[in-house]
Amino acid sequence: MSQRSGRLAIAALVAGGLVLLSACGDSDDGGKDGGSSSQGAQAKTLGKVSMPKVTKDTNSMGMWVTGNNFVKGNIDKIVGYSADGAKTDWTIQLDGEICWASPHTTEDGRTAVLFKDGKGSDAECTQVGLVDLNKGKLVWQKEGTDTEGNDGVDFDEVTISGNTIAAGGTSGGGAWSLDGKPLWKPEYIADCDDDGYAGGDGKLVALRGCSSVESSTDKLEIQTVDPTTRKVLSSYKLDGEFERAHVLSTKPLVVAADTGDSDGGSSVTDILTIDDSAKQGKLVNSIDVLAKGFQPDCPAVNVEGCKDLALDKKSSTVYLSSEVDVDDGGPGEKITGVNFETGKQTGRTKMAESRSLTPISTEKDGSLIAYQGSMYSEAGGVVRIDPKTFEITQIQKNPDAMKDVESDLETYGDARMVFADKKLYLGSDTATRPTSDSKDRPLAVVFGTA
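One point on numbering: in the UniProt record's numbering, the residue at position 71 of the sequence shown is 71, and numbering is uninterrupted.
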């Protein structure tokens, strides 16, 4: 459970059901403070995916929304449901548990997954698969091999970009074309490995880690590479103080880095914007996440997978949540927009009292879609935030009968969120054991007005 979600759950109990959006002080950093407007349409619970029975927390990564299906990873299978999540359309059975799933898809609806090579306790994450989300088929699966001919290379994550699928981890990185042909294999040169890759937007970015006798921490380098040959097109060496790095966007290149001092396990202390147009990358701007109290959430050792933030590339804006302390009118949360090229604050919302306020995605007109969490007496919902005024407009309100389910998913379930076609999809990356006070927690739930 994250500290952020836990604190807000407690705050909701203290608030006793009071629901309002209140001011949180004047901006000290430029930009505008927004307001709020009337309640949105009443949504219904359209569908639920049951939590699988497990004896310990088990990975269930993968969540995509296609034109026809809501697709969810479920331990050792990928299941395609009707768009409302109410009916199962197809199932892809895998050899073992899902280790990682790329959030990116090709134009024709294909994506990449990483899964174990069996169901036993000694199974490892060696299997890379290409999945057709439209047809509900595993197109192919390949096992990682290194340049020395060793089979069964264990990877940590996988991504897809253009015509390339790339997997990386502590054993190095390898890649395949969409037709399954190997492009490169893990090789061990000067104690350096590809810890992982980031895809999307037709670009491929590698995080290169090199060990040294002088330090227990790897020296990290961000490399923009040719997705067919792995030729380095641009490189930027992170300052030695950074222990981890995560790629938020490949185009433009925006990186979340951690000095090891991140708050509450978020694995982010700084957001860096890097110009990779030349062979030697240059730092454009740095946002001090820790000092500003922003709370993006990135997996500790993986290159992709960050959440609780949203980027609008057209306006060069990153939207970040922050918690408001009692002394500042809280408890609650607000969202701030920051230009990631200049570091200038573009505005911020009023506080959502006793609720989480989480960025989900941006729309074509630059508007931010965000999740407004549930509280003690009321369910959550979806809001739209104006990028100029930062006024909050509620789009839809979830049914109050589901407020505890929402709270459980957000607090315990490592939830991811997608809003598409007037439907809010909440899904957990982890299958968890039920607790005495939350026996009906689903793996995923779909809310909508249709």
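We put the beta carbon where it would ideally sit given N, CA and C, even for glycine.
Annotation: the region 249-331 contains the following complete segments of the beta strand (DSSP E) (minimum length 3 residues), in chain order: 253-258, 270-275, 282-288, 309-312, 317-324. Only exposed fits residue 433, as fewer than 16 other CB atoms lie within 10 angstroms of its CB.
With contacts defined as CB atoms closer than 8 Å, residue 50 and residue 443 qualify as a contacting pair. In the DSSP assignment, residue 154 forms no beta bridge with any residue. If you compare the alpha carbons of 401, 344, 337 with that of residue 370, the shortest gap goes to 337. Here residue 233 carries a strand assignment [DSSP, helix/strand/coil].
For residue 150, the number of other beta carbons within 10 angstroms of its own is below 16, and it is reported as exposed.
Shown here for residue 138: same chain residues with a beta carbon closer than 7 Å to its own, the five before and five after excluded, namely 92, 129, 131 in chain order. Apart from sequence neighbours up to five positions away, the residues of its chain that approach residue 133 with a beta-carbon distance below 8 Å are 64, 66, 69, 71, 80, 105, 109, 110, 111, ordered along the chain. Counting along the chain, residue 238 sits inside no beta strand (DSSP E), nor does DSSP assign it H or E at all. Exposure of residue 436 is indicated by the presence of fewer than 16 other C-beta atoms within 10 angstroms of its C-beta. Per the Cβ contact rule, the region 94-101 is in contact with the region 112-128 (3 or more Cβ pairs under 8 Å).
Closest in C-alpha terms to residue 345, from the list 333, 324, 320, comes 320. Between the beta-carbon of residue 173 and that of residue 182 there is about 12 Å, and that puts the pair past the 8 Å contact cut.
As the crow flies, the alpha-carbon of residue 419 is around 27 Å from that of residue 272.
Proximity of the region 360-368 to the region 394-404 falls short of the contact definition, fewer than three beta-carbon pairs being nearer than 8 Å. Counting C-beta atoms within 10 angstroms of its own C-beta, residue 350 has 16 or more neighbours from the protein chains shown and is therefore classed as buried.
In the displayed model, residue 403 falls within a helix according to three-state DSSP. Across the structure, residue 429 and residue 416 are spaced so that their CA atoms are roughly 7 Å apart.
A check of alpha carbon separations from residue 39 across 381, 126, 55 identifies 381 as the nearest. Comparing C-alpha distances from residue 170 to each of 156, 270, 146 shows the shortest one belongs to 156. For residue 71, the uninterrupted beta strand (DSSP E) segment begins and ends at 69-74. Counting only residues of its own chain and dropping the five nearest sequence neighbours on each side, residue 140 has a CB closer than 6 Å to the CB of 130, 180. In the displayed model, residue 341 falls within coil according to three-state DSSP, outside both helix and strand.
In this structure, DSSP gives residue 218 an extended state, which the three-state scheme calls strand. If the five residues before and after residue 85 are omitted, its C-beta is found closer than 8 Å to the C-beta atoms of 46, 47, 48, 49, 70, 425, 444, 445, 446, all from its own chain and listed in chain order. Residue 409 sits in a helix when the DSSP states are folded into three classes. Per DSSP, the unbroken beta strand (DSSP E) holding residue 211 starts and ends at 204-212. Taken through DSSP and simplified to helix, strand or coil, residue 138 comes out as strand. Rounded to whole angstroms, residue 277 and residue 204 show a C-alpha spacing of 14 Å. Cβ atoms of residue 220 and residue 311 stay farther apart than 8 Å, at about 21 Å.
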